[in-house]
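Take the sequence shown: its position 113, counting from 1, is numbered 172 in the working numbering, and each next residue is one higher. Even glycine gets a Cβ: it sits at the ideal position worked out from N, Cα and C. Treat the numbers as computed from the prediction; the structure is a model and nothing was measured. Here is the structure we will look at.
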Amino acid sequence: MIVLGIETSCDETGVALYDTAAWENGRPASQGILGQALHSQIAMHRDYGGVVPELASRDHIRRVLPLLDETMHEAGLQLKDIEAIAYTQGPGLAGALLVGSAFAKSLAQGLNLPSIGVHHLEGHLLSPLLGASVPQFPFIALLVSGGHTQLMLVSGVGKYELLGETLDDAAGEAFDKTAKLLGLDYPGGAAISQLAEQGQAGRFDLPKPMLHSGDLDFSFSGLKTAVLNQVKKYEATGSSGADERAQFHADLARSFVESLVAVLVSKSQKALKQTGCQHLVLAGGVGANLQLRAALNLSAKKNGFEVHYPPVDLCTDNGVMIAFAGALRMLSANNGSSKSGAFDIKPRWDLASNNLS
Ligand code: KG4
Ligand code: ZN
């Protein structure tokens, strides 16, 4: 079955075509990707220091049709070859979701095809199945994106149980806010990570929030505040040379990354132990972070579990993960697909409430 996927939940417009034949025949799942196109709005939002929802919606409208053309062209297919359409139904920005939902539903009506609403995080957490090392069910997914930080138990496609989540800022949000404090552009995750590489370890004793809380929840707003306090303290000491200032920023970035990574790794280990799972999947934009990957690899070696990653280009938002998750759902009975033309978005939506029966 050939499924078209449309992602418009935030600031990336993603379109992709996925053919389930690869998955059904036991071939590497990545072979089912027939075509994909992506446009990132990051440059457009940068001047505002964050995503401007109205601008995001308008840009999705402008981009989605040309991206569909590009995807069809890459796949060498025509619209009549599509058999179902998957779109991100939530969570995300309401206006942005509406663009994808309206587009997918209209196209599905025009082609007389079923459409299926996909949970954005399901897209992220299944995307490691498209990587080189494939996780076995059941696995633990550490989902770390700009909007979410969650540990999920994944027993199969459409079988998810939330084990813990952030009580305040998401990991990506903590990266982005801290980046701003260190004078870096939005979104600052990748930039902080690079800066941290030039920093010295151990100069700042930043908190590792909820490390010993006994549960699998997270909290990152205190860590960001601790960074702010260090910046204020430094500013109060008076002016310093550019080199010293750059070193201060790099050292602080290093301590920030080390604290955040320590908490993510420790809670992931705890989730594996608690559930008896031996496979961990890292998903979401922060999953591109090299320090986090290195620390998880080390922990995996030490503690005897396997860790799996999506291909790096599929860590941040994209259309492939939505086409793929929608396609796998389409293979199950009672998957919730429909031919209804009603636009139905869910800006706030719990993943586990969308489990397959
Ligand atoms: O999953 P994603 O593309 O969008 C959401 O669904 O939120 O994640 C975006 C987040 C941003 O906060 C960005 O700063 C962060 O992922 N990010 C990173 C890295 N690359 C992207 N954070 C840390 N290190 C990175 N290399
Ligand atoms: Zn995302």
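Per DSSP, which residues does residue i bridge with? Please list them.
i    : result
H367 : V340
V62  : Y77, A143
M269 : BP columns for M269 are empty, so no partner.
G223 : L210
S174 : I144, S397
I92  : Y77
Between residue i and chain E, is the shortest Cβ-Cβ distance under 7 Å, so that the two count as touching?
i    : result
D372 : Although the question refers to chain E, the structure presented lacks it and comprises just one protein chain.
Starting from the Cα of residue i, find the closest Cα among the options and give me that residue.
i    : options                : result
H179 : Q168, S192, P150       : P150
L390 : G205, G94, A81, D235   : A81
A181 : A161, M211, P370       : In the sequence as presented, Ala is not what sits at residue 181; that position holds Glu. E181 has its Cα closest to that of M211, out of A161, M211, P370.
Q337 : S165, K361, G169       : K361
K329 : G346, M60, A305, L355  : L355
I404 : L114, Y146, S327, F307 : Y146
F279 : H367, A312, K236       : K236
F364 : V216, L387, L339       : L339
G335 : E142, F196, H104, E71  : F196
D140 : L157, A167, G159, L126 : A167
V366 : C374, L373, D372, L357 : L357
L208 : K218, G215, G223, V216 : The sequence given here places Thr at residue 208; Leu does not occur at that position. For the residues K218, G215, G223, V216, the minimum Cα distance to T208 belongs to G223.
F402 : A96, G108, G73, S160   : S160
A75  : Q95, A411, G281, R407  : Q95
Y368 : R407, L189, N393       : L189
P370 : V324, S192, G395, F234 : S192
F234 : G215, L351, L270       : L351
M60  : D106, L93, A250, S327  : L93
D274 : A102, K326, H119, S99  : K326
P187 : P125, H98, P87         : P87
G395 : A143, T72, E129        : A143
L331 : K291, F315, A359       : A359
G73  : L97, S89, G135         : L97
Is the beta carbon of residue i within less than 6 Å of some heavy atom of the ligand MG?
i    : result
F234 : By its list of ligands, the structure shown excludes the ligand MG, since it contains just the ligand KG4 and the ligand ZN.
Look up residue i in the DSSP assignment and say whether it is helix, strand or coil.
i    : result
T237 : helix
Q148 : strand
F196 : coil
F277 : strand
S358 : helix
Y293 : helix
A321 : helix
G154 : helix
V110 : coil
G215 : strand
S99  : strand
T67  : coil
L201 : strand
T284 : helix
T72  : strand
A312 : helix
K1   : No statement about residue 1 is possible, as the shown extent of the chain runs from 60 to 416 and does not include it.
D264 : coil
T375 : coil
R86  : coil
S299 : coil
F162 : helix
I404 : coil
N413 : helix
L390 : coil
Using C-beta distances below 8 Å, list every residue in its chain close to residue i, excluding the 5 sequence neighbours before and after it, in chain order.
i    : result
D409 : L221
Q137 : M131
C69  : V110, A115, G151, L152, A155, G205, G206, D376
G454 : Residue 454 lies beyond the residue range present for the chain, which begins at 60 and ends at 416; the question has no answer from this structure.
G242 : H308
D310 : G258, Q259, R262, F263
E232 : G205, G206, F279
G108 : K239, Y245
L157 : S116, F402, I404
Using C-beta distances below 7 Å, list every residue in its chain close to residue i, excluding the 5 sequence neighbours before and after it, in chain order.
i    : result
F162 : I65, V123
H183 : L202, S204, A342, G343, M380
R313 : A255, G258, Q259, A260
G217 : R388, S391, N414, L415
G346 : V203, Y368, P369, C374
V213 : L184, F196, P197, F198, A200, Y219
R17  : For residue 17 there is no data in the structure shown, the boundaries of the chain being 60 and 416.
Q289 : F263, L311
To which residues of the same chain is residue i closer than 6 Å at the C-beta, ignoring the five residues directly before and after it?
i    : result
N348 : S252
S226 : Checking the displayed sequence, the identity of residue 226 turns out to be Leu instead of Ser. Correct list, in chain order: D276, S278.
G385 : V62, G64, A145, I175, V177
K112 : It should be pointed out that residue 112 corresponds to Pro in this sequence rather than to Lys. So the qualifying residues of the chain are L152, G154.
A230 : V203, T208, V345
V322 : K267, L270
| task | Flag this pair as touching only if the region 247-263 and the region 290-299 have three or more C-beta atom pairs under 8 Å; answer yes or no. | result | no
| Are at least three pairs of beta-carbons, each pair with one atom in the region 169-176 and one in the region 191-206, less than 8 Å apart? | no
| task | Mind the definition here: the region 258-273 touches the region 282-294 only if three or more C-beta pairs lie below 8 Å; say whether that holds. | result | yes
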